[in-house]
Amino acid sequence: MYLAELRGKLSSRVERMEDVLTSNVFSFFKYSSRDIFLKKYLNELGFNVSDREAEEAEFRFWPVFEDGTEPDLVIMAGNYYLLI
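Everything in the sequence shown is counted per UniProt numbering, starting at 1 for the first residue and increasing by one.
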């Protein structure tokens, strides 16, 4: 579906669904070689994580917090929490 989105092949209703794009992009980091891709991404953002911390990172898509806040994603790696 990711390629279809990039090439404008989905209906306008689906194109507007940012959740699909969020899922496609960040699922890559979740399921790829984290010590290569996720670690590099987090390091580029200024989060200094080890290979092990990248491998053990937790991904929580669309969590709902007690105050009603619902970020698209929370990535927990080492001592860092990244909210998307």
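All C-beta atoms in this analysis are idealised placements derived from N, C-alpha and C, irrespective of residue type, glycine included.
Predicted model, so just to flag it, every value in this text is computed and none were measured.
Taking residue i and residue j to be in contact with their CB atoms under 8 Å, please state how far apart those CB atoms are, rounded to whole angstroms.
{"i": "Phe26", "j": "Leu73", "result": "5 Å"}
Identify which residue in the options has its Cα closest to the Cα of residue i.
{"i": "Phe59", "options": "Lys40, Gly68, Asp67 and Phe29", "result": "Phe29"}
{"i": "Glu55", "options": "Lys40, Glu66 and Glu44", "result": "Lys40"}
{"i": "Ser50", "options": "Glu18, Met17 and Asn79", "result": "Asn79"}
Give me, in chain order, the residues of the same chain whose beta-carbon lies closer than 7 Å to that of residue i; leave out the 5 immediate sequence neighbours on both sides.
{"i": "Ala57", "result": "Arg34, Leu38, Ile75, Met76 and Ala77"}
Cα separation between residue i and residue j?
{"i": "Asn48", "j": "Val20", "result": "28 Å"}
{"i": "Tyr81", "j": "Asn24", "result": "20 Å"}
{"i": "Glu44", "j": "Ser32", "result": "17 Å"}
{"i": "Glu70", "j": "Pro63", "result": "6 Å"}
{"i": "Asp67", "j": "Arg52", "result": "32 Å"}
Cutting at 8 Å between CB atoms, please list the residues of its own chain near residue i, excluding the five before and the five after it.
{"i": "Thr22", "result": "Phe61, Asp72, Leu73 and Ile84"}
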